[in-house]
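The opening position of the sequence shown corresponds to residue 1 in UniProt numbering, with each subsequent residue numbered one higher. Think of the CB as a built atom: it goes at the ideal place given N, C-alpha and C, for glycine as much as any other residue. It should be emphasised that the depicted structure is a prediction, and the values quoted were computed from it without experimental measurement.
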Amino acid sequence: MFEHNFSNTSNQNDIKKNRLTGISLLIVAVGTIIVFIPNYNAVTFIIALLAFIIIDFVLVYIILEKTQSFELDKIKEEAVPATIKMRRIITIAAFAVFLAILATALIIFAKPPVYTITDDSLVISTQYGRTINFSDIEDVKLKDSLPNKLRKRNGIDIKNILKGRFRADGENIDVFVDTSKSPFIYIYTKDGLTIINGQSSSETKTLFEKIKTAKTA
């Protein structure tokens, strides 16, 4: 009789867990869509997504705790299977791993590009990086500002860090900059415009002179 009641309790808890899991995933999905569409900004998106996940996780955990404590009051404590505690540990561990992966990704994305000048090209080593042949460069300029209404199409937009394909004034632009550190190097090629900068004003100006010299060599 006791085993039968415990089996029914376990089944009921499993059903409730599945329902709560489905609801939690739905909340995260809806919240993600609401935040992502109007803002289209990586920082806002990540912060909001983390907030949704954390709040959702806490609510589900509290509900499960109260549900289990209510049901487990009806049975002996020693009859509680070890799998229940193991599930809790696995859930918390999985959430911690997710946060660690997300933090690592943010650190990697925030790393500045590495610029290498070879005999015939400029190599931009970073996410969405590219190689620009000096023979393809039509002009290179040093400017103090970025194009107005620069919008991301495919790339990274994390606070001041912009990497990848953006769009402004009706044209696609490859951007690899820290917006807080002017000036910026505008490289005009046959394929379009690429904008880059270094980690300081002096570094950017030095890189500009090297590209300008290599272009005319």
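Reduced DSSP category for residue i - H, G, I as helix; E, B as strand; rest coil
i: L162; result: strand
i: S135; result: helix
i: L142; result: strand
i: T194; result: strand
i: T118; result: coil
i: S201; result: helix
i: K152; result: strand
i: T189; result: strand
i: K76; result: Any answer about K76 is weak, because its pLDDT of 48 lies below 50 and its placement is not dependable; what the coordinates show is given next. It is coil, neither helix nor strand.
Length of the line joining the Cα atoms of residue i and residue j
i: Q199; j: L162; result: 13 Å
i: F166; j: V114; result: 19 Å
i: F98; j: L150; result: 31 Å
i: R88; j: G155; result: 36 Å
i: K152; j: E171; result: 12 Å
i: S202; j: A100; result: 35 Å
i: L106; j: A94; result: 18 Å
i: T126; j: A103; result: 18 Å
i: A96; j: M86; result: 15 Å
i: A217; j: I211; result: 10 Å
i: K215; j: T91; result: 56 Å
Residues of its chain near residue i, where Cβ-Cβ distance is below 8 Å and the 5 sequence neighbours each way are ignored
i: K190; result: D136, E138
i: L142; result: P183, F184, I185, Y186, T204, K205, F208
i: I173; result: P147, L150, R165, F166, R167, G192, L193, T194, I195
i: I108; result: Q127
Beta bridge counterpart(s) of residue i as assigned by DSSP
i: I89; result: Answer is none; I89 lacks a bridge partner.
i: G172; result: Checking the sequence, you will find Asn at residue 172 rather than Gly. Answer is R167.
i: F184; result: K143
i: V177; result: L162
i: I124; result: Y115
Neighbourhood of residue i by C-beta distance below 6 Å, restricted to the same chain and skipping five residues each side
i: V123; result: T116, T131
i: T213; result: none
i: Y188; result: E138, D139
i: G129; result: none
Residue i CB to nearest heavy atom of the ligand NAD below 7 Å
i: I195; result: This structure lacks the ligand NAD, and indeed carries no ligand of any kind.
Same chain, Cβ closer than 7 Å to residue i, five either side skipped, listed in chain order
i: A110; result: I158, I161
i: N133; result: D120, S121
i: P112; result: D178, Q199
i: D169; result: P147
Exercise. If you pair each beta-carbon of the region 194-208 with each one of the region 165-179, do three or more pairs fall below 8 Å?
Worked result: yes
Problem set entry | Given 8 Å, three or more beta-carbon pairs between the region 140-147 and the region 116-123 | With a cut-off of 8 Å on Cβ pairs, the region 140-147 is not in contact with the region 116-123, counting fewer than three such pairs.
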